[in-house]
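Comments concern the structure below.
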Amino acid sequence: MPNSLSPELRRALGERLRYYNELGIYDFYRREGNESRQRDSEPSQPALLQPELREEMPARKSAAVAEDNIFEVITPKPESAAADPVAALKLIREDLGDCTRCKLHKQGRKQIVFGVGNPRAELMFVGEGPGADEDVQGEPFVGRAGQLLNNMIKAMGIRREDVYIANIVKCRPPGNRTPERDECETCSPFLMRQIAVIQPKVIVALGAVAAKNLLAVNAPMAELRGRFYDFMPAGARADLTWQGAKLAVTYHPAFLLRDPRQKGEAWKDLQMVMKYLGLKPLAKPPE
Ligand code: URA
Numbered sequence: 295m296p297n298s299l300s301p302e303l304r305r306a307l308g309e310r311l312r313y314y315n316e317l318g319i320y321d322f323y324r325r326e327g328n329e330s331r332q333r334d335s336e337p338s339q340p341a342l343l344q345p346e347l348r349e350e351m352p353a354r355k356s357a358a359v360a361e362d363n364i365f366e367v368i369t370p371k372p373e374s375a376a377a378d379p380v381a382a383l384k385l386i387r388e389d390l391g392d393c394t395r396c397k398l399h400k401q402g403r404k405q406i407v408f409g410v411g412n413p414r415a416e417l418m419f420v421g422e423g424p425g426a427d428e429d430v431q432g433e434p435f436v437g438r439a440g441q442l443l444n445n446m447i448k449a450m451g452i453r454r455e456d457v458y459i460a461n462i463v464k465c466r467p468p469g470n471r472t473p474e475r476d477e478c479e480t481c482s483p484f485l486m487r488q489i490a491v492i493q494p495k496v497i498v499a500l501g502a503v504a505a506k507n508l509l510a511v512n513a514p515m516a517e518l519r520g521r522f523y524d525f526m527p528a529g530a531r532a533d534l535t536w537q538g539a540k541l542a543v544t545y546h547p548a549f550l551l552r553d554p555r556q557k558g559e560a561w562k563d564l565q566m567v568m569k570y571l572g573l574k575p576l577a578k579p580p581e
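The sequence shown begins at 295 in our numbering and counts up one residue at a time.
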């Protein structure tokens with residue numbers, strides 16, 4: 295931090311950083327140019343600290359990456375010092391704690407459903423939020439929709455233990471309602487950190503809620519499916535080992551249970567993913 299910061303501004307910055315950290319947001323960047331501008335003028339609000347919340351938009355990502363060299367990370371995430379993805383995910387889970395950051399914590403959730411699977415998975419599935427069964431068992435996709443997801447994974451020639459499964463929100467919305475915007479925004483920094491640790495090759499967004507939140511777009515499923523998107527989680531950086539994931543969108547298994555005629559379309563989406571990952575297609579699509 296520049297030495298010229300007044301004690302009040304320093305305190306205000308500290309408080310703002312603690313506030314963001316409490317929300318699970320860690321990476322902040324300081325524009326070198328702002329520092330001298332800041333020094334020359336009256337101290338202003340701590341607006342020079344900008345959490346990188348919107349980086350998942352592919353179009354904006356390249357601008358953010360291009361500006362890398364003029365930003366400096368000033369608050370590292372706890373998991374950045376972890377020796378391996380297992381330890382890193384544990385640190386993120388500890389950071390989440392007995393989360394009370396959004397209203398879902400007081401709307402009947404039994405427990406937080408963090409995510410499950412291989413911490414080094416090449417393939418990750420992201421759903422919407424835990425349902426009643428997941429809330430009881432503490433694991434994503436263990437109910438009827440989970441059984442169908444398991445069949446879909448098996449039909450891809452892999453096992454559930456090979457992939458990583460998580461949700462946009464980690465607490466069950468009451469009555470299985472759609473998670474609200476503030477709940478998604480509060481929770482998704484933790485999902486972004488999980489993705490940055492796991493570094494999957496492909497993420498499959500299950501359903502419109504997952505797709506719209508991950509891609510920060512508002513479009514119908516028909517427009518979102520059938521192609522790959524480049525995805526870099528907010529707060530993460532491309533490096534030699536990982537340049538981000540490909541993201542594909544398919545129907546939510548719960549939707550497929552209601553409308554099984556769409557299973558063929560979902561199978562096409564998964565075949566696109568299998569081709570990219572070099573997985574052998576099985577003769578029989580998932581039941
Ligand atoms: N539906 C979801 O979106 N996620 C789950 O974990 C279970 C059902």
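For glycine and all other residues, C-beta sits at the position ideal for the given N, C-alpha and C. In this text the structure is predicted, and so the values were computed from the model without any measurement.
Problem set entry | Residues that DSSP places opposite Thr-544 in a beta bridge | Counting from one through the sequence shown, the residue named residue 544 turns up at place 250. Note: Thr-544 sits in a beta bridge opposite Leu-500.
Problem set entry | Environment of Tyr-320 [buried if 16+ CB atoms lie within 10 Å] | Along the sequence shown, read from residue 1 onward, the residue named residue 320 stands at position 26. Flag for Tyr-320 reads buried.
Exercise. Taking all protein chains shown into account, do 16 or more other C-beta atoms lie within 10 angstroms of the C-beta of Asn-507, making it buried, or fewer, making it exposed?
Worked result: Looking up residue 507 in the sequence shown gives position 213. Label assigned to Asn-507: buried.
Exercise. Mind pulling the alpha helix (DSSP H) runs of 4 or more residues that sit fully within the stretch 370-403?
Worked result: 379-390
Problem set entry | Separation of Ser-300 from Met-446, as counted between CA atoms | Here the question's residue 446 lines up with position 152 in the sequence shown. Here the question's residue 300 lines up with position 6 in the sequence shown. In a straight line, the C-alpha of Met-446 is about 58 Å away from that of Ser-300.
Exercise. Using DSSP with H/G/I as helix, E/B as strand and the rest coil, what is Arg-470?
Worked result: In the sequence shown, counting from the first residue as 1, residue 470 sits at position 176. Per the sequence presented here, residue 470 reads as Asn, with Arg not at that position. Looking at Asn-470 - three-state DSSP - the assignment turns out to be helix.
Exercise. Who pairs with Phe-419 in a beta bridge, going by DSSP?
Worked result: Position 125 of the sequence shown, counted from the first residue, corresponds to residue 419. Ile-459, Val-498.
Exercise. On the premise that Met-418 lies in contact with Val-457, defined as a C-beta separation below 8 Å, what is that separation, rounded to the nearest angstrom?
Worked result: Start at 1 with the first residue of the sequence shown, and residue 457 comes out as number 163. Start at 1 with the first residue of the sequence shown, and residue 418 comes out as number 124. Confirmed, Cβ separation roughly 6 Å.
Problem set entry | Closer than 7 Å: Pro-434 CB and nearest the ligand URA heavy atom | Your numbering for residue 434 matches position 140 in the sequence shown. Result yes, Cβ under 7 Å from the ligand URA.
For this session: Go ahead and pull the three-state DSSP assignment for Gly-411.
Result: Taking the sequence shown and counting its residues from 1, the one referred to as residue 411 is at position 117. Three-state DSSP puts Gly-411 in a strand.
Exercise. Taking the alpha helix (DSSP H) that Phe-484 falls in, what are its first and last residues?
Worked result: By 1-based counting over the sequence shown, the position of residue 484 is 190. Unbroken alpha helix (DSSP H) run through Phe-484: 475-492.
For this session: Answer yes or no: the CB of Gly-402 versus the heavy atoms of the ligand URA, is any distance below 7 Å?
Result: For the purposes of this step, residue 402 is identified with residue 108 of the sequence shown, where counting begins at 1. Every heavy atom of the ligand URA is 7 Å or more from the Cβ of Gly-402, so no.
For this session: Using only alpha-carbon positions, find the residue among Val-420, Glu-433, Pro-424, Arg-466 that is nearest to Lys-397.
Result: As a working note, residue 397 is residue 103 in the sequence shown. Taking only the C-alpha atoms, the option nearest Lys-397 is Arg-466.
Exercise. At a cut of 8 Å, does the stretch 425-434 reach the stretch 384-399 through at least three beta carbon pairs?
Worked result: no
For this session: Pick helix, strand or coil for Lys-570, following the three-state DSSP scheme.
Result: Locating residue 570 in the sequence shown gives position 276, counting from the first residue. The question names Lys, yet the displayed sequence has Tyr at residue 570. Of the three classes helix, strand and coil, the one that applies to Tyr-570 here is helix, per DSSP.
For this session: Output yes if chain B places a C-beta closer than 8 Å to the C-beta of Arg-531; else output no.
Result: Looking for chain B here will not work: only one protein chain is present.
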